[in-house]
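Counted the way full-length UniProt numbering counts, the sequence shown spans residues 1 to 141. Quick reminder that beta carbons are idealized off the backbone N, C-alpha and C, glycines included. On a predicted model such as this, the values are computed, not experimentally measured, just so you know.
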Amino acid sequence: MAERGTPSVYTARGQVDGEDWPAVAAALNERMAARRIGQQELARLSGVSVSTLRMLQHGASRRVQNKTLEAIARALDWPEDHLIDILVTAHQPASLRQPHDEPTAVVLSRIEWQLRDVSDRLARVESYLQAEQPPGSAPGR
Numbered sequence: 001m002a003e004r005g006t007p008s009v010y011t012a013r014g015q016v017d018g019e020d021w022p023a024v025a026a027a028l029n030e031r032m033a034a035r036r037i038g039q040q041e042l043a044r045l046s047g048v049s050v051s052t053l054r055m056l057q058h059g060a061s062r063r064v065q066n067k068t069l070e071a072i073a074r075a076l077d078w079p080e081d082h083l084i085d086i087l088v089t090a091h092q093p094a095s096l097r098q099p100h101d102e103p104t105a106v107v108l109s110r111i112e113w114q115l116r117d118v119s120d121r122l123a124r125v126e127s128y129l130q131a132e133q134p135p136g137s138a139p140g141r
């Protein structure tokens, strides 16, 4: 049995001192809104249940595993440890926080993926517009 004053051991339920689940919720909600992605889609992309996502979006009344946070971060194109960093550093003074500089290759890869996505969407729009044009008519008229 643990002595008094000894920090509690990690358990599957309950908040651990120093963890800021509301900060995780705020980051998650902001990113989902910015990317216009709903719970169902994020659940599909991350492999995390909708109920777990809902719980996290409301500030998590119980602790979730790091692998769950990592899966969500990957699905939202964040570094794998991004949500974990938010969870444990939100209450630290800025002077104690370590800078989180993503390697340039990771940032460039993300930009390339986004450009491919935009290009694909543009190609679909162009195809749609071409299909809607009567034969022999000039584009844009």
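{"query": "CB-CB length for Leu-56 against Ala-25, believed under 8 Å", "result": "6 Å"}
{"query": "The region 40-53 / the region 67-76 touching (three or more Cβ pairs under 8 Å)", "result": "yes"}
{"query": "Residue range of the alpha helix (DSSP H) that includes Glu-126", "result": "104-132"}
{"query": "Chain C within 7 Å of Ala-123, Cβ atoms only", "result": "Protein chains in the displayed structure number just one, and chain C is not present."}
{"query": "Residue range of the unbroken alpha helix (DSSP H) whose run includes Val-24", "result": "21-35"}
{"query": "CB of Leu-23 within 7 Å of CB of Ile-84, strictly", "result": "One detail in the question is off: residue 23 reads as Ala in this sequence, not Leu. Not closer than 7 Å, so no."}
{"query": "Whole-Å CB distance - Val-50 paired with Gln-40, under 8 Å assumed", "result": "6 Å"}
{"query": "DSSP-derived helix/strand/coil call for Ser-49", "result": "coil"}
{"query": "Beta-carbon spacing of Arg-116, Leu-76 below 7 Å", "result": "no"}
{"query": "Same chain only: Cβ atoms within 8 Å of Asp-81, ignoring 5 sequence neighbours per side", "result": "Glu-70 and Ala-73"}
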